[in-house]
Amino acid sequence: MFELKERDGLARICELRTRHGSVTTPALLPVVNPNQLTITPRVMRERFKVQILITNSYIIKTDEALREKALSGGLHRLLDFDGPVMTDSGTFQSYVYGKVGVGHKEIVEFQRDIGSDIGTILDVFSEPDWTEEQTRKATEETLHRAEESVPLKGDMLLAGTVQGGVYPELRRECAERLSTMAFDVHPIGGVVPLLENYRFADIAEVIIASKKGLDPSRPVHLFGAGHPMMFPFAVLLGCDLFDSASYAKYAREERFMYPTGTKFLRDLHDLACDCPACSSTSVKELVAMSVAERTRTIAEHNLFTSLKELRKVRNAIHEGSIWEMVEMRARAHPALLAVLKVLKKHGEYLEGFEPVSRRGAFFYCGPESYDRPVVKMYRERFFSRYRRPGSKVLVGFEEGPKPYSRGYAGEIAKISQEVDADFLVASFFGPAPIELDELYPIAQSVIPDHLDHEVAESVRKTMERHAHTHGYPLAVMWEGDETLEFLKDVVPGKSRHDLDLLRARAVLDMQFGRGAADILDGRKVEFVKSRNTGKIRNIIIDGVHAFSMRAHDGRLTPKMEGARMLMVVLPPHAMRVIIQDEPAEFAAKGNNVFAKFVVDCDPDIRPGDSVLVVNTKGALAAVGRALMVKGEMLAFKRGIAVRVKETAED
Ligand code: GUN
Ligand code: ZN
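Each number in our numbering corresponds to the 1-based position in the sequence shown with 75 added.
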């Protein structure tokens, strides 16, 4: 079974349970060929800390000695590995050699009988240069075999491979139909020829099309994609498992794999790698080695490097920097850079999984950073949710020191004495009202002073859109004291605004939807502030603590009283996670909400959102933080959907 632990968008850290133990994903499954052990499974386990292996049941079945050993003593004894082992079916052999002499039912039964932890159906490998018609026929055959394979799986987990070549609609349909069958893992197949030709952008398209159709609660395996160049972007798009025969295959060709590319031994001046294999040798020594020893050493380097890259990817998910990692890796090769274009194209889909804030700051890595879902999300929420405070004049500032209310404190104080104005910064993310300056990602971002040309142009266009829609009778960009002289003449007055109150209103609307700030109307609002930072800590409404404000992302956490107020002003479905009545009683006592109890939820909820947990009659049970989006809450049978923070019975 598969459980979500941490995530950043579609990228996720999960636990996959098998009969031979648990695996933390994203994980790499090194391919072990029992006829050709470049690195033995025991060494993989002990020295490389490999969690799970993959081997080919077709190779075992067609070799009499291996077959008998596997059937009598089991697969794990055959490989001398006591952790989880996945098996493949012979699909790849049939792609390489034309045909295999094994039936699709027979090979699934064989995998089950030798004790494989995860078996694979005998799917039909759909090649990228096939016509749509050809691909459709092959995909139908894969689906037919899938249907006949599921009843045979017994206790074994079974992998149903998504095929469909380079046709997004076929991929998606295949994924949807496989998702209705009782599979435990979904590999994405037919990508090896794309990988071999560095067609990473096409692979990204294939992954996205497949993910759109797949049940989000099942692990996704990218079949045959064992190059570390692939890992960051494939994980970003929601792949959980990778297998690699490449570490050994490349080693036989004297090729070193790196996250940034591949190099022949003959082209290396120095090894320049600190992995255990490279640390104990040199180019000169490698050249002098026997072929077998050289191959093994390079294979070790390749495996260390691949495993290390996946560990880095897991760290990046944990700290919220997977986008930065993908953008930085993209500089290594034009084919990776092309992936960023695909990510931009599918921005809307990716935004559907975008967390509302992250641990780490937003780092600008290049013009493509503008296309990240977080930028789109801020901009769209600003235009659809933010309401202006109501002065007649808007004063705009250029990008400046953060937080803006401090960076521009002098100017704001000076102007406010003479003019009743609202303030806003033309920020990288879009128009940033001064009162939103502490909300993620505005303050939590590191952007260079001089933007790349196309980004500056996009920012300008967004400001233009704002200029057409903001509704202020008068708006000016601040150009120093002459701007103030002008304003004093035209609209003399004095500011009526209280920044704390503006901030509370703006964050309420941005976070919970336009209208949420109405809860403050006609009420007495007070603020508890941090003595150290001066930032708002708590919002007290009519004498009760209704919201807390988080220092690191400027977002609000409702207390029960605040949640009750939101229930009144928000539309009936908004920010709600509806759960079964009995679990709602448990949630009201402080228990987390498990995904399996979720009946329905607001599709606008994003990971990290503060949500209202209600029972089927709509009664408020608790307030919590969502870890999943709607589709995931409804699909996952294990794991926490909402971490409960405040409860009705406190
Ligand atoms: N190994 C590499 N690609 C594939 C594939 O498409 N299907 C299967 N079953 N194994 C593979
Ligand atoms: Zn190395």
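Backbone N, C-alpha and C define an ideal beta-carbon position, used for all residues, glycine too.
Item: In whole angstroms, give me the CA-to-CA distance for GLY485 and ASP575.; Value: 17 Å
Item: Taking the straight line between their C-alpha atoms, what separation do you get for LEU289 and ALA626?; Value: 37 Å
Item: Is the shortest distance between the beta-carbon of ASN613 and the beta-carbons of chain D less than 8 Å?; Value: This model lacks chain D altogether, as it is built from one protein chain only.
Item: What's the call for GLY229, buried or exposed, on a 16-neighbour Cβ count within 10 Å?; Value: exposed
Item: State the DSSP-derived secondary structure class of CYS440, mapped to helix, strand or coil.; Value: coil
Item: In angstroms with no decimal places, state the Cα-to-Cα distance between ALA733 and GLU223.; Value: The structure shown does not extend to residue 733, since the chain spans only 76 to 725, so no value can be given for it.
Item: Would you kindly work out how many angstroms separate the C-alpha atoms of ASP675 and ILE654, rounded to a whole number?; Value: 7 Å
Item: Nearer than 7 Å: is that true of the beta carbon of ASP315 relative to any heavy atom of the ligand GUN?; Value: no
Item: Below 8 Å between beta carbons: does that hold for GLU237 and SER164?; Value: A small correction: the amino acid at residue 237 is Val; Glu does not occupy that position in the sequence shown. Not closer than 8 Å, so no.
Item: Could you pull out every residue in the same chain whose Cβ sits closer than 8 Å to the Cβ of GLU384, ignoring the five residues on either side in sequence?; Value: PRO303, PHE306, PRO307 and PRO334
Item: Could you spell out the range, first to last residue, of the beta strand (DSSP E) harbouring MET552?; Value: 549-552
Item: What residue range is occupied by the uninterrupted alpha helix (DSSP H) comprising LEU412?; Value: 409-420
Item: Is PHE503 near the ligand ZN, in the sense that its beta carbon is under 7 Å from a heavy atom of that ligand?; Value: no
Item: Would you say THR210 touches the ligand GUN, meaning its beta carbon is less than 7 Å from a heavy atom?; Value: no
Item: Take ILE737 as the anchor and find which of GLU510, ALA662, ARG456 and PHE622 has the nearest alpha-carbon.; Value: Because the chain spans 76 through 725 in this model, residue 737 falls outside it and cannot be assessed.
Item: Straight-line CA distance for CYS249 to HIS95?; Value: 30 Å
Item: Examine the ligand GUN and report whether any of its heavy atoms sits within less than 7 Å of the Cβ of THR255.; Value: no
Item: SER491: which of ARG369, VAL566 and HIS620 sits nearest, CA to CA?; Value: VAL566
Item: Is any non-hydrogen atom of the ligand ZN found closer than 7 Å to the C-beta of CYS353, if you look at the structure I gave you?; Value: yes
Item: Please name the residue, chosen from GLY699, LYS610 and ASP584, that lies closest to MET635 on a Cα-to-Cα basis.; Value: GLY699
Item: In this structure, what does DSSP give as the bridge partners for CYS676?; Value: VAL652
Item: Excluding the 5 residues preceding and the 5 following LYS51 in the sequence, name in chain order all residues of the same chain whose CB lies nearer than 7 Å to its CB.; Value: Summary: the structure shown does not reach residue 51, with the chain confined to residues 76 through 725, and so no result is reported for it.
Item: Could you pull the start and end residues of the beta strand (DSSP E) that CYS89 belongs to?; Value: 86-93
Item: Near PHE503, which residues of its chain fall below 8 Å by C-beta distance, leaving aside the five closest residues on each side in sequence?; Value: TYR439, TYR445, VAL450, GLU474, SER520, ILE522, LEU526, VAL530 and VAL534
Item: CB VAL644 to CB GLY590, shorter than 8 Å?; Value: yes
Item: Can you give me the start and stop residues for the alpha helix (DSSP H) that SER459 sits inside?; Value: 448-460
Item: Can you give me the Cβ contacts of LYS198 inside the same chain, cut-off strictly under 6 Å, excluding the 5 residues immediately before and after it?; Value: According to the sequence displayed, residue 198 carries Asp and not Lys. So the list reads THR166, THR217, THR236, GLN238 and GLY264, once near-sequence residues are dropped.
Item: Given PRO105, which residues of its chain have a CB within under 7 Å of its CB, disregarding the five upstream and five downstream residues?; Value: MET119, VAL125, LEU128, SER319, TYR322 and LEU378
Item: Can you give the Cα-Cα distance for ASP524 and PRO506, rounded to whole angstroms?; Value: 17 Å
Item: Who are the Cβ neighbours of ALA662 in its own chain at under 6 Å, not counting the five residues just before and after it?; Value: VAL668, VAL688, ALA696, ALA697 and VAL719
Item: By Cβ distance below 7 Å, which residues in the same chain neighbour VAL98 in space, the five residues on each side in sequence not counted?; Value: LEU91, GLN126, ILE127 and PRO159
Item: Leaving out five residues before and five after ALA257 in sequence, what residues of the same chain have Cβ atoms less than 6 Å from its Cβ?; Value: VAL225
Item: What number of angstroms, rounded off, separates the C-alpha of ARG293 from the C-alpha of PRO409?; Value: 32 Å
Item: Hey, is the segment 348-367 in contact with the segment 139-157, meaning 3+ C-beta pairs nearer than 8 Å?; Value: no
Item: Does DSSP put MET332 in a helix, a strand or coil?; Value: strand
Item: When DSSP labels each residue in this structure, what does ALA320 get in the three-state scheme?; Value: coil
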